[in-house]
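Since the structure comes first, as structure tokens, the remarks are kept for the end.
Number of protein chains: 2
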Amino acid sequence: MKESFNPDSPPAPAALAAKVRTLAPSMTRSMQRVAEAVAHDPAGCAALTVTGLAELTGTSEATVVRTARLLGYPGYRDLRLALAGLAAHQQSGRAPAVTADIAVDDSIADVVTKLAYDEQQTLADTAAGLDTVQLGAAVAAAATARRIDIYGVGASSLVGQDLAQKLLRIGLIAHAHMDPHLAVTNAVQLRPGDVAIAITHSGSTGDVIEPLRVAFDRGATTVAITGRPDGPVSQYADHVLTTSTARESELRPAAMSSRTSQLLVVDCLFIGVAQRTYETAAPALSASYEALAHRHTPRSR
Amino acid sequence: MKESFNPDSPPAPAALAAKVRTLAPSMTRSMQRVAEAVAHDPAGCAALTVTGLAELTGTSEATVVRTARLLGYPGYRDLRLALAGLAAHQQSGRAPAVTADIAVDDSIADVVTKLAYDEQQTLADTAAGLDTVQLGAAVAAAATARRIDIYGVGASSLVGQDLAQKLLRIGLIAHAHMDPHLAVTNAVQLRPGDVAIAITHSGSTGDVIEPLRVAFDRGATTVAITGRPDGPVSQYADHVLTTSTARESELRPAAMSSRTSQLLVVDCLFIGVAQRTYETAAPALSASYEALAHRHTPRSR
DNA sequence: TCACCCTTGAAAGTTATTTCCAACCCCCCG
DNA sequence: CGGGGGGTTGGAAATAACTTTCAAGGGTGA
Numbered sequence: 006m007k008e009s010f011n012p013d014s015p016p017a018p019a020a021l022a023a024k025v026r027t028l029a030p031s032m033t034r035s036m037q038r039v040a041e042a043v044a045h046d047p048a049g050c051a052a053l054t055v056t057g058l059a060e061l062t063g064t065s066e067a068t069v070v071r072t073a074r075l076l077g078y079p080g081y082r083d084l085r086l087a088l089a090g091l092a093a094h095q096q097s098g099r100a101p102a103v104t105a106d107i108a109v110d111d112s113i114a115d116v117v118t119k120l121a122y123d124e125q126q127t128l129a130d131t132a133a134g135l136d137t138v139q140l141g142a143a144v145a146a147a148a149t150a151r152r153i154d155i156y157g158v159g160a161s162s163l164v165g166q167d168l169a170q171k172l173l174r175i176g177l178i179a180h181a182h183m184d185p186h187l188a189v190t191n192a193v194q195l196r197p198g199d200v201a202i203a204i205t206h207s208g209s210t211g212d213v214i215e216p217l218r219v220a221f222d223r224g225a226t227t228v229a230i231t232g233r234p235d236g237p238v239s240q241y242a243d244h245v246l247t248t249s250t251a252r253e254s255e256l257r258p259a260a261m262s263s264r265t266s267q268l269l270v271v272d273c274l275f276i277g278v279a280q281r282t283y284e285t286a287a288p289a290l291s292a293s294y295e296a297l298a299h300r301h302t303p304r305s306r
Numbered sequence: 006m007k008e009s010f011n012p013d014s015p016p017a018p019a020a021l022a023a024k025v026r027t028l029a030p031s032m033t034r035s036m037q038r039v040a041e042a043v044a045h046d047p048a049g050c051a052a053l054t055v056t057g058l059a060e061l062t063g064t065s066e067a068t069v070v071r072t073a074r075l076l077g078y079p080g081y082r083d084l085r086l087a088l089a090g091l092a093a094h095q096q097s098g099r100a101p102a103v104t105a106d107i108a109v110d111d112s113i114a115d116v117v118t119k120l121a122y123d124e125q126q127t128l129a130d131t132a133a134g135l136d137t138v139q140l141g142a143a144v145a146a147a148a149t150a151r152r153i154d155i156y157g158v159g160a161s162s163l164v165g166q167d168l169a170q171k172l173l174r175i176g177l178i179a180h181a182h183m184d185p186h187l188a189v190t191n192a193v194q195l196r197p198g199d200v201a202i203a204i205t206h207s208g209s210t211g212d213v214i215e216p217l218r219v220a221f222d223r224g225a226t227t228v229a230i231t232g233r234p235d236g237p238v239s240q241y242a243d244h245v246l247t248t249s250t251a252r253e254s255e256l257r258p259a260a261m262s263s264r265t266s267q268l269l270v271v272d273c274l275f276i277g278v279a280q281r282t283y284e285t286a287a288p289a290l291s292a293s294y295e296a297l298a299h300r301h302t303p304r305s306r
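Dropping the structure here:
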């Protein structure tokens, strides 16, 4: 995906709420109202005509259609159909008990429950929203890459390190760059056949975009892992992997759920690569286990 | 039969095939053809317009609409909507063999699904197994600590860094030590009122136990986050937080699920602390957001 | 402050659905 | 065996729904 601006070609089947959250920031005010209504009450909206939904949201038919388009459907008709499916779907699924936000006065037990639930939700959203074609392409590129450079700052830096650690373990040459300057310096060394991976939730982190741009210009295969597939970072990404944008609260910064989402994507990427390099990956993995063994003191049984 | 005849008021939700069988005898030949098509392939029919379905069944639009009426819907539009719901429903009913291990020849899509499921399972397990009393005690200690030192190596090091990053953000003095030697050196500085947190999945990582032991001896409050609460690390821990030990496979090393589990625990710890230091945490959080704002390039709308 | 571009809804245009109606077919009665 | 009669059918008109176009409004940066 180089210059294309359409987030995804196939209309999503069920990951609607996730998609709404992901795309919401790139929507105009009116469209956000429509998207919100749709996400809030899929079943109710499925019962409405274009005109009805337009009136409900205080917008026009045109805006409703535009929103449907943005969500990946050819028109409102198809969105409505998907909505009906979604409604039936969630009706069958039992009522989720924990929907409330985490509050300041929640008990510890509540925090654990809600947090675990939120994270699970984030995982489900991410899995549903992940474009497996893009992922497959990224995997293929990484599996045969001469070297893999990974860029991430702040919380995303840890995700990058995690990926680098694992790729190193299966014998690939991977490096997570935390210093933006060194990242750029190193990116210059890349060439076709190499892979550069940028991790940024916002999709607009300059310190991460810059090295990716350089890598892109040098002809390396570039991958962006971002929650904003429409952000600037995608400009320089051959493959864009979208992480989910979960609702955040005051106590639960976005970094928390984006990290979960990013880790899932990164893990999928890793396993994909491990599959494709199984011959070398498997022995490398067990070798690294053995190397660590003496670092563990005997168990007190 | 008059055009306005309506067999029953509530449009059936899902029992469509049954209704078709029940009503089939009372249908005319053409209508039976339509009903049969609908019952045979709900999903396919949902994708068709009146005209399309009429052509498919070799009948006319009028007949299709009549059939929809007979089945209890106001018109074809509504039948189609119900059909879409039904299709989604039975698609989800198709139980994905998600419990199976991730295999070398799994498709990318399978990997994503299975991995997300496994992670969700890990989260549920962790939440269920977490001792909220111990967690509460750890939170209380951390919230009032003069300084917080965190020890972790390997994959756990990233979790430690994550925790340190977040605690720093809300104005606490936290440091994640990655170098075992420096960790010990620093642990010597600890005293009562300080908190030391060791993160080790195996519970027997010497490089992590050693600094914790020192901290423990110095009188600091010590916390262990481990998957083996019976391991050596617990010896020197005032509070033990247990992470779950999910099944691992050849392609999915233990590090992956233990990391998920550790992160949940660490997040719970963080939110607990944030709750207890809300007065200072909230402003500190928003301040850190603003400080980063200029690092993001403007959005491409 | 002005020019520009993005956003928006009204209205026109297109497609889908529903209604109407005449032709047809089948069955039964004469 | 032939001629009604009632039910069945599809063509076509009418309506409703959806999509596209376009010009006015509003915000933003120079």
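Chains as they are written, first to last, in this note's numbering: chain V, 6 to 306; chain A, 6 to 306. Each residue gets a CB set at the ideal place from its N, CA and C atoms; glycine is no exception. Since we're looking at a predicted model, the values are computed, not measured.
Quiz item: In chain V, what lies closer than 7 Å to A:Cys273 by C-beta?
Solution: Numbered from its first residue, the second sequence carries residue 273 of chain A at position 268. Simply Val116, Val117 and Leu120.
Quiz item: Given a threshold of 16 other Cβ atoms within 10 Å of its Cβ, counted over all protein chains shown, does A:Ser112 qualify as buried or as exposed?
Solution: In the second sequence, counting from the first residue as 1, residue 112 of chain A sits at position 107. So A:Ser112 ends up on the exposed side.
Exercise. List the endpoints of the continuous alpha helix (DSSP H) containing A:Thr227.
Key: Residue mapping note: residue 227 of chain A aligns to position 222 of the second sequence, counting from 1. For A:Thr227, there is no enclosing alpha helix (DSSP H); the residue is found in the beta strand (DSSP E) stretching over Thr226 to Thr231.
Quiz item: Cβ of V:Ala40 within 7 Å of Cβ of V:Val55?
Solution: Sequence index remark: in the first sequence, residue 40 of chain V carries index 35 (1-based). Sequence index remark: in the first sequence, residue 55 of chain V carries index 50 (1-based). Result no, Cβ atoms of V:Ala40 and V:Val55 do not sit closer than 7 Å.
Practice problem: If I'm right that A:Asp212 touches A:Pro185 with Cβ under 8 Å, what's the distance once you round it to whole angstroms? | Solution: Residue numbering aside, residue 212 of chain A sits at position 207 when the second sequence is read from its first letter. Residue numbering aside, residue 185 of chain A sits at position 180 when the second sequence is read from its first letter. Indeed, because the Cβ distance is near 4 Å, the residues count as touching under 8 Å.
Quiz prompt | Against chain V: residues of the stretch 166 to 181 of chain A by CB proximity under 7 Å | solution = So the list reads Gln166, Asp167 and Gln170, given in the order they occur along the chain.
Quiz item: Within 7 Å (strictly less), CB to CB, does A:Leu246 reach chain V?
Solution: Against the second sequence, residue 246 of chain A aligns to sequence position 241. False, the Cβ-Cβ gap to chain V never drops below 7 Å.
Quiz item: Is there a Cβ from chain A that is less than 7 Å from the Cβ of V:Ala229?
Solution: Walking along the first sequence from the start, residue 229 of chain V turns up at place 224. Interface with chain A (7 Å Cβ-Cβ cutoff): V:Ala229 is excluded.
Quiz item: By how many angstroms is the C-alpha of A:Ala114 removed from the C-alpha of V:Thr137?
Solution: The residue you call residue 137 of chain V lines up with position 132 of the first sequence. The residue you call residue 114 of chain A lines up with position 109 of the second sequence. In this structure, the straight-line span from the alpha carbon of V:Thr137 to that of A:Ala114 is close to 6 Å.
Quiz prompt | Sequence-distant residues of its chain with Cβ nearer than 7 Å to A:Gln139 (five each side left out) | solution = Residue mapping note: residue 139 of chain A aligns to position 134 of the second sequence, counting from 1. Within the same chain, His244, Val245 and Leu246 come within 7 Å of A:Gln139 by CB-CB distance, once the 5 residues on both sides are set aside.
Quiz prompt | According to DSSP, residues forming a beta bridge with A:Asp110 | solution = Locating residue 110 of chain A in the second sequence gives position 105, where the first residue counts as 1. Residue pairing by DSSP places A:Asp110 in no beta bridge whatsoever.
Quiz item: Since V:Glu60 meets chain A, which of its residues come closer than 8 Å, beta carbon to beta carbon?
Solution: Position 55 of the first sequence holds residue 60 of chain V. For V:Glu60, no chain A residue has a C-beta closer than 8 Å to its own C-beta; the minimum C-beta separation is roughly 18 Å.
Practice problem: Could you pull the start and end residues of the beta strand (DSSP E) that V:His244 belongs to? | Solution: Numbered from 1 along the first sequence, position 239 holds the residue referred to as residue 244 of chain V. First-last of the beta strand (DSSP E) with V:His244: His244 to Thr247.
Quiz item: Is there contact here, the stretch 114 to 126 of chain A with the stretch 77 to 95 of chain V, by at least three beta-carbon pairs under 8 Å?
Solution: Remark: fewer than three beta-carbon pairs, one from each stretch, lie closer than 8 Å, so the stretch 114 to 126 of chain A and the stretch 77 to 95 of chain V are not flagged as touching.
Quiz item: Can you name, in chain order, every residue of its own chain whose Cβ lies under 8 Å from the Cβ of A:Ala160, other than the five neighbours on each side?
Solution: The sequence position of residue 160 of chain A within the second sequence is 155, counting from 1. A distance below 8 Å between beta-carbons, with the five flanking residues on each side excluded, links A:Ala160 to the following residues of its chain, in chain order: His206, Ala260, Ser263 and Arg264.
Exercise. For the alpha helix (DSSP H) holding V:His206, just list the boundary residues, first then last.
Key: Position 201 of the first sequence holds residue 206 of chain V. Going by DSSP, V:His206 is part of no alpha helix (DSSP H) at all; its letter is neither H nor E.
Quiz item: Who are the neighbours of V:Glu124 on chain A, taking C-beta pairs under 7 Å?
Solution: Within the first sequence, numbered from 1, the residue matching residue 124 of chain V stands at position 119. Ordered by position in chain A, the residues that pass the 7 Å Cβ test against V:Glu124 are Leu128 and Leu269.
Quiz item: Hey, how far is the Cα of V:Ala129 from the Cα of V:Thr282?
Solution: Sequence index remark: in the first sequence, residue 129 of chain V carries index 124 (1-based). Sequence index remark: in the first sequence, residue 282 of chain V carries index 277 (1-based). Each residue's alpha carbon lies about 27 Å from the other.
Quiz item: Taking just the CA atoms, how far does V:Asp123 sit from V:Pro101?
Solution: As a working mapping, residue 101 of chain V is identified with position 96 in the first sequence. As a working mapping, residue 123 of chain V is identified with position 118 in the first sequence. Only weak support is given to the placement of V:Pro101: the predicted model assigns it a pLDDT of 46, under 50, and the value that follows is read from those uncertain coordinates. When the Cα atoms are used, V:Pro101 and V:Asp123 turn out to be separated by approximately 11 Å.
Quiz item: Alpha carbon to alpha carbon, what distance is there between V:Gln166 and V:Ala289?
Solution: Taking the first residue of the first sequence as 1, we reach residue 289 of chain V at position 284. Taking the first residue of the first sequence as 1, we reach residue 166 of chain V at position 161. V:Ala289 and V:Gln166: Cα-Cα distance of roughly 19 Å.
Quiz item: Do you know offhand how far A:Ser65's Cα is from A:Arg82's?
Solution: Stepping through the second sequence from its first residue, residue 65 of chain A is reached at position 60. Stepping through the second sequence from its first residue, residue 82 of chain A is reached at position 77. Cα-Cα distance, rounded: 15 Å.
Quiz prompt | Whole-angstrom distance between A:Ser35 and V:Gln280, CA atom to CA atom | solution = Locating residue 280 of chain V in the first sequence gives position 275, where the first residue counts as 1. Locating residue 35 of chain A in the second sequence gives position 30, where the first residue counts as 1. Their backbone Cα atoms lie some 53 Å apart in a straight line.
Exercise. Tell me, please, which residues DSSP counts as bridged to A:Pro197.
Key: Position 192 of the second sequence, counting from 1, holds the residue named residue 197 of chain A. A:Asp199, per the DSSP bridge assignment.
Quiz prompt | Assigned secondary structure, A:Tyr283 (DSSP; H/G/I helix, E/B strand, else coil) | solution = The sequence position of residue 283 of chain A within the second sequence is 278, counting from 1. Reduced to three states, the DSSP call for A:Tyr283 is helix.
Exercise. Within the same chain, show all residues whose beta-carbon is closer than 6 Å to that of A:Pro216, passing over the 5 residues directly before and after it, in chain order.
Key: In the second sequence, residue 216 of chain A corresponds to position 211, counting from 1. Hits under 6 Å: Tyr156, Ala188, Val189 and Ala192.
Quiz prompt | Through-space distance from V:Pro234 to V:Ala220, alpha-carbon basis | solution = Taking the first sequence and counting its residues from 1, the one referred to as residue 220 of chain V is at position 215. Taking the first sequence and counting its residues from 1, the one referred to as residue 234 of chain V is at position 229. About 19 Å.
Self-check item: Candidates A:Gly63, A:Gly80 and A:Leu61: closest to A:Val70 by CA position
Solution: Taking the first residue of the second sequence as position 1, residue 70 of chain A is located at position 65. Out of A:Gly63, A:Gly80 and A:Leu61, A:Gly80 has the C-alpha closest to the C-alpha of A:Val70.
Exercise. If I'm right that V:Gly198 touches V:Ala242 with Cβ under 8 Å, what's the distance once you round it to whole angstroms?
Key: Along the first sequence, one-based indexing puts residue 198 of chain V at 193. Along the first sequence, one-based indexing puts residue 242 of chain V at 237. About 17 Å separates the two Cβ atoms, so there is no contact after all.
Self-check item: Straight-line gap, V:Gly208 to V:Val228 (C-alpha atoms, nearest Å)
Solution: By 1-based counting over the first sequence, the position of residue 208 of chain V is 203. By 1-based counting over the first sequence, the position of residue 228 of chain V is 223. A straight line joining the alpha-carbon of V:Gly208 with that of V:Val228 spans about 12 Å.
Exercise. For A:Ala150, name the three-state secondary structure that DSSP assigns.
Key: Position 145 of the second sequence, counting from 1, holds the residue named residue 150 of chain A. DSSP places A:Ala150 in coil when its eight states are reduced to three.
Quiz item: Does any C-beta atom of chain A lie closer than 7 Å to the C-beta of V:Ala89?
Solution: For the purposes of this step, residue 89 of chain V is identified with residue 84 of the first sequence, where counting begins at 1. Among the residues facing chain A, V:Ala89 is included, as its CB has a counterpart in that chain under 7 Å away.
Quiz item: Would V:Val238 pass as a contact of V:Leu168 if the rule is Cβ separation under 7 Å?
Solution: Translated into the one-based positions of the first sequence, residue 238 of chain V becomes position 233. Translated into the one-based positions of the first sequence, residue 168 of chain V becomes position 163. No, they are not a contact pair.
Practice problem: Could you tell me if A:Thr127 is buried or exposed, where buried requires 16 or more neighbouring beta carbons within 10 angstroms of its beta carbon? | Solution: Working through the second sequence from its first residue, we reach residue 127 of chain A at position 122. Around the Cβ of A:Thr127, a 10 Å sphere holds 16 or more other Cβ atoms; the residue is buried.
Quiz item: Just how far apart, CA to CA, sit V:Thr27 and V:Ala201?
Solution: For the purposes of this step, residue 27 of chain V is taken as residue 22 along the first sequence, with counting starting at 1. For the purposes of this step, residue 201 of chain V is taken as residue 196 along the first sequence, with counting starting at 1. Looking at the two C-alpha atoms, the distance is approximately 23 Å.
Practice problem: At 8 Å on the CB atoms, spell out the chain A contacts of V:Met36, in chain order. | Solution: Mapped onto the first sequence, residue 36 of chain V falls at position 31. Going along chain A, no residue has its Cβ under 8 Å from V:Met36, so there is no contact; the nearest lies around 12 Å.
Quiz item: Ordered along the chain, which non-local residues of its own chain (more than five positions away) have a Cβ less than 7 Å from that of V:Leu75?
Solution: Your numbering for residue 75 of chain V matches position 70 in the first sequence. Cβ neighbours of V:Leu75 beyond the five flanking positions: Leu28, Met32 and Met36.
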